[in-house]
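Novice: Quick note on numbering: the numbering used here labels position 99 of the sequence shown as 94, and the sequence is numbered without any gaps.
Cβ coordinates follow ideal geometry from the N, Cα and C atoms, glycine included.
I'd like to ask you about the structure that follows.
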Amino acid sequence: MTTRRTEAGLAARLAEAACVSAPFKLSDGTHLSTYFDEFRLASDPTLLRDTARALANLVPTDAQALAGIELGGIPLVVALSAATGLPAVFVRRLPKLYGSHRQIEGADITGLRTVLVDDVVRSGSQLLTMARTLRMAGSPVTDAMCVLERSLGGRAVLAEHRITLRSLLTEEELPVRHSSGAA
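Right under this line is the structure:
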């Protein structure tokens, strides 16, 4: 179990490694002054492991599988799967246009209570879309997890669809490093 001191230490490490204070435009047109760069988290094996261990404490006890959202959720779900022993799947935004033509790759999670995993939750729309995909594939989804929850209504949107969001940190809890490094 993580303590507040451990969480504060991890938050500081995440801020140092992955937060970039610089103007940033998201694909939906939203402008941010601070960006959480999930690739910086994923490329630091010790930080990724420690983040997965902290997230493991938030996994519901009745969870049977984990689903990582393309792209930021994939390294997290692999590390979280290793930390918990739960099987994992990887969910694409769209099915592959070649090869398997699948949208969901990995373990067979039909009928398994699956927790969605992503790096950052903003509006909740991406997680909601992926939850619908998993539900249509026969996997009940009632929980989602993220490293960072931004205060943009995602929790409420997910709750409207009976999905509980469990976040490691909110943007208010994440100390911001003041650097303008490119990311």
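Can you name, in chain order, every residue of its own chain whose Cβ lies under 6 Å from the Cβ of Q59, other than the five neighbours on each side?
Specialist: Answer for Q59: L107, R108, listed in chain order.
Novice: With contact counted as at least three CB pairs below 8 Å, one residue from each stretch, are the region 121 to 134 and the region 49 to 65 in contact?
Specialist: Flag = yes, the region 121 to 134 and the region 49 to 65 touch.
Novice: Quick one: give me the first and last residue of the alpha helix (DSSP H) that A37 is part of.
Specialist: A37 -> alpha helix (DSSP H) spans 33 to 37.
Novice: So V116 and E155 are in contact, right, with Cβ under 8 Å, and what is the actual spacing, rounded?
Specialist: Not a contact, Cβ separation roughly 14 Å.
Novice: Compute the distance between the beta-carbons of T165 and S146, then report whether it is under 8 Å.
Specialist: Closer than 8 Å, so yes.
Novice: Report the partner residues of E217 according to the DSSP bridge assignment.
Specialist: Within the shown structure, residues of the chain are numbered from -4 to 178, placing residue 217 beyond reach of any answer.
Novice: Rounded to a whole number of angstroms, what is the C-alpha to C-alpha distance between S16 and L81?
Specialist: Cα to Cα, the separation comes out at about 35 Å.
Novice: Using DSSP with H/G/I as helix, E/B as strand and the rest coil, what is L169?
Specialist: Reduced to three states, the DSSP call for L169 is coil.
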